[in-house]
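>
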Amino acid sequence: MEVHLQWQIPQLAVIKNRGAFGDPATKLGIDQHTIPPEKDNSIRVEPPTTERPIYARATSSSIYLHVSSKGIVNMKSALILSTCSMCTLILSAPTAAGDLSTLTIRAETPQQATDRLLFSSTMAQFTAARNAKDPPSLNWESDGCSHSPDKPGFNFLPSCYRHDFGYRNYKAQDRFTRDNKKKIDRLFRSDLYDECAKEEDDLRKTECTEIA
103 MEVHLQWQIP
113 QLAVIKNRGA
123 FGDPATKLGI
133 DQHTIPPEKD
143 NSIRVEPPTT
153 ERPIYARATS
163 SSIYLHVSSK
173 GIVNMKSALI
183 LSTCSMCTLI
193 LSAPTAAGDL
203 STLTIRAETP
213 QQATDRLLFS
223 STMAQFTAAR
233 NAKDPPSLNW
243 ESDGCSHSPD
253 KPGFNFLPSC
263 YRHDFGYRNY
273 KAQDRFTRDN
283 KKKIDRLFRS
293 DLYDECAKEE
303 DDLRKTECTE
313 IA
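Just so we're on the same page, this note's numbering is the position in the sequence shown counted from 1, plus 102.
(1) DSSP state of residue 176, grouped into three classes?
(2) May I have the straight-line CA-CA distance separating residue 219 from residue 211, to the nearest angstrom?
(3) Could you tell me which uninterrupted alpha helix (DSSP H) segments, each at least 4 residues in length, are contained entirely in the stretch 214-283, listed from first to last along the chain?
(4) State yes or no: is the C-beta of residue 293 within less than 7 Å of the C-beta of residue 261?
(5) By the three-class DSSP mapping on this structure, what secondary structure does residue 296 have?
(6) For residue 241 versus residue 215, is the C-beta spacing smaller than 7 Å?
(7) Measure the Cβ-Cβ separation of residue 259 and residue 268 and say whether it is below 7 Å.
(8) Per DSSP, what kind of secondary structure is residue 304 in: helix, strand or coil?
(9) Taking all protein chains shown into account, do 16 or more other C-beta atoms lie within 10 angstroms of the C-beta of residue 299, making it buried, or fewer, making it exposed?
(10) Assign residue 221 to one of two classes, buried (16 or more other C-beta atoms within 10 Å of its C-beta) or exposed (fewer than that).
(11) Confirm, please, whether the CB-CB distance from residue 310 to residue 302 is below 7 Å.
(12) Can you give me the C-alpha to C-alpha distance between residue 243 and residue 305, rounded to a whole angstrom?
(13) Comparing C-alpha positions only, which one of 213, 256, 264, 255 sits nearest to residue 227?
(14) Work out the CA separation of residue 229 and residue 235 for me, nearest whole Å.
(15) Using beta-carbon positions only, say whether residue 272 and residue 282 come within less than 7 Å of one another.
(16) Ordered along the chain, which non-local residues of its own chain (more than five positions away) have a Cβ less than 8 Å from that of residue 289?
What follows is the structure in structure tokens.
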């Protein structure tokens, strides 16, 4: 599995699958370094600048991080290796202002990916992930706005896609409780209102919110 990521600071940066190709170490002509995992099986690495890409490769024995021309971080974390095939690897920046000296790499479970795409992602970010079917382990199927026109004069379709995404994945993950259903429904209403807020004409905006 070959994956590529463009570094995003301070937002969460998701490593995306790009398909396998030869040994990146040879292709990039960079040195190899090894950093042992910390006690919680996470790996702390020096971040590159925002312009530099990071490459990672999972093998049966290790995960390689290619950090610009600075070298490769060989991550021998059994926990990450045992879970990475069915999930996304994420990089999260420290929250302290100005403290960007290290980042932490962890495995993201399907449940965490679902919650991130529902409750921590903009509609544009969700749409990009849906178009890429990323991560592929989640259910991306949708019947659109099944109980109303997909576009009743307004672009509600992306909101319906995310609503279906929440329902289908929470059901698949055995988390579709009454409270979680209400939470997903509230998000749906919020997404619809966000779409209505784009209308500059007050009459159109009112009409949109009434339909929503």
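Even glycine gets a Cβ: it sits at the ideal position worked out from N, Cα and C.
A quick note: this is a predicted structure, and the numbers were derived from the prediction, not measured.
By the coordinates alone:
(1) Note that residue 176 scores a pLDDT of 33, beneath 50, so its modelled location is shaky; the value from the coordinates is reported in the next line. The answer is strand: DSSP assigns residue 176 an E or B state.
(2) 12 Å
(3) 225-234, 259-274
(4) yes
(5) helix
(6) no
(7) no
(8) helix
(9) exposed
(10) exposed
(11) no
(12) 34 Å
(13) 264
(14) 10 Å
(15) yes
(16) 220, 221, 264, 265, 268
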